[in-house]
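Everything in the sequence shown is counted per the working numbering, starting at 5 for the first residue and increasing by one. Before any comments, here is the structure.
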Amino acid sequence: MIDISPRKELEQRLQDRVAEVEQLNRTLTTLLADLQTTNRDLETMTTQLREANEELEAFAYSVSHDLRAPLRAMQGFAQALLEDYAGHLDPVGQDYAQRIVKAAQRMDALIQDLLAYSRLSRTQVTPQPIPLSAAVSEVLRYLEEECQQREARVTVTEPLPLVQGYQPILIQVLSNLLSNALKYVPTGKRPFIRIRAEERDTWIRLWVEDNGIGIAPEHQARIFRIFERLHDAETYPGTGIGLAIVRKGIERLGGRVGVESVPDEGSRFWIELPKGS
Numbered sequence: 005m006i007d008i009s010p011r012k013e014l015e016q017r018l019q020d021r022v023a024e025v026e027q028l029n030r031t032l033t034t035l036l037a038d039l040q041t042t043n044r045d046l047e048t049m050t051t052q053l054r055e056a057n058e059e060l061e062a063f064a065y066s067v068s069h070d071l072r073a074p075l076r077a078m079q080g081f082a083q084a085l086l087e088d089y090a091g092h093l094d095p096v097g098q099d100y101a102q103r104i105v106k107a108a109q110r111m112d113a114l115i116q117d118l119l120a121y122s123r124l125s126r127t128q129v130t131p132q133p134i135p136l137s138a139a140v141s142e143v144l145r146y147l148e149e150e151c152q153q154r155e156a157r158v159t160v161t162e163p164l165p166l167v168q169g170y171q172p173i174l175i176q177v178l179s180n181l182l183s184n185a186l187k188y189v190p191t192g193k194r195p196f197i198r199i200r201a202e203e204r205d206t207w208i209r210l211w212v213e214d215n216g217i218g219i220a221p222e223h224q225a226r227i228f229r230i231f232e233r234l235h236d237a238e239t240y241p242g243t244g245i246g247l248a249i250v251r252k253g254i255e256r257l258g259g260r261v262g263v264e265s266v267p268d269e270g271s272r273f274w275i276e277l278p279k280g281s
């Protein structure tokens, strides 16, 4: 008698394997169908995102031209009243005209900062090695007149290394940080600003240190949010968007931002970006 048990066992094992392969095929077919659906959804979302960006561009253009134009007209006419017709205005009238000028200037600055903030979300970022020394020098040249007016002393501790970033965004970030360091200083106090860098593993941390009014610990986290102001606009003019632009810009570059501060002593803002080499 021939024992067929091994043959039956082999056939059963083969059937089991065939069943497993068929199940895998069904699973793979389902996964492919899901992947195709996901790809179609991604294509739809990409199209919607592109359309949304185009709408934002159109809105930004409208804001820049359609809203700023009447503001400039308001400011120009009010300024003309003050310069050419001051003799026909009593002190109250002159005060009103001056308020119109200042209000138009504040609104124009707010619109410009809002546009800058919105552009950060749409800007195509192409990271490349950037010499921090060159970026800092460019910003200091831009702020040279303001530094002279305030008799500010600015010290740059060389060398400043290369970072991985995007030049236009980095320039905007540094400009906002240095402008704040010049602005938030008590009346009658000479601004002192120190710029230095240090290596931290694969990161470069750039410090912008000042001797200004400082920031209380409970406010240090929220100052990077949009429209956050700790002081009235009359004492320290601004839009409340500058540090939000700093945070947004550094995040677009894949970096980090923070601050260390003591009230009435000064602040030490820092940004971290990947090493450039």
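Beta carbons: idealized from backbone N, C-alpha and C, even for Gly. Here the structure is a predicted model, which means the values were calculated and not measured.
inquiry  = Am I right that Trp207 and Lys279 are in contact with their C-beta atoms under 8 Å? What's the rounded C-beta distance?
reply    = 7 Å
query = What is the rounded straight-line gap between the Cα of Glu213 and the Cα of Val189?
reply = 12 Å
Enclosing alpha helix (DSSP H) for Val177 [first to last residue] = First-last of the alpha helix (DSSP H) with Val177: 171-187.
query = Where are the beta strand (DSSP E) runs, 3 residues long or more, that stay fully inside the stretch 182-232, in chain order?
reply = For the stretch 182-232, whole beta strand (DSSP E) runs of length 3 or above, ordered along the chain, are 196-204, 207-214.
message = Given a cut-off of 8 Å on the beta-carbon distance, is the pair Tyr89 and Ile230 in contact?
response = no
ask   = Going along the chain, which residues of its own chain have a beta-carbon closer than 8 Å to the beta-carbon of Arg1, five neighbours each way excluded?
value = Residue 1 lies beyond the range of the chain shown here (5 to 281); nothing can be said about it.
query = What three-state label does DSSP hand Leu277 in the structure shown?
reply = Leu277 carries a strand assignment under DSSP once its states are collapsed to helix, strand and coil.
query = Skipping 5 residues on each side, what residues in its chain have a beta carbon closer than 7 Å to that of Ala113?
reply = Thr243
inquiry  = Please tell me whether Gly216 and Val266 are closer than 8 Å, where the distance is taken between their beta carbons.
reply    = Against a cut-off of 8 Å, the Cβ pair of Val266 and Gly216 comes out as no contact.
Residues near Trp274 by beta carbon distance below 8 Å, same chain, minus five either side = Arg209, Leu210, Trp211, Val212, Val261, Gly262, Val263, Glu264
task = Could you check the C-alpha separation between Gln40 and Lys12 for me, to the nearest Å?
result = 42 Å
key: The beta strand (DSSP E) enclosing Arg154, as first and last residue numbers   = DSSP places Arg154 in no beta strand (DSSP E); its state is neither H nor E.
message = Could you check whether Val140 and Leu164 sit closer than 8 Å to each other, using their CB atoms as the reference points?
response = yes
task = Figure out for me which residue from Ser125, Leu118, Pro10 has the closest Cα to the Cα of Ala56.
result = Ser125
key: Unbroken beta strand (DSSP E) run spanning Ala264, endpoints   = According to the sequence as given, residue 264 is Glu; it is not Ala. Taken as a continuous stretch (DSSP letters only), the beta strand (DSSP E) holding Glu264 covers 260-266.
ask   = Roughly how many angstroms lie between the CA atoms of Val158 and Arg198, to the nearest whole one?
value = 6 Å
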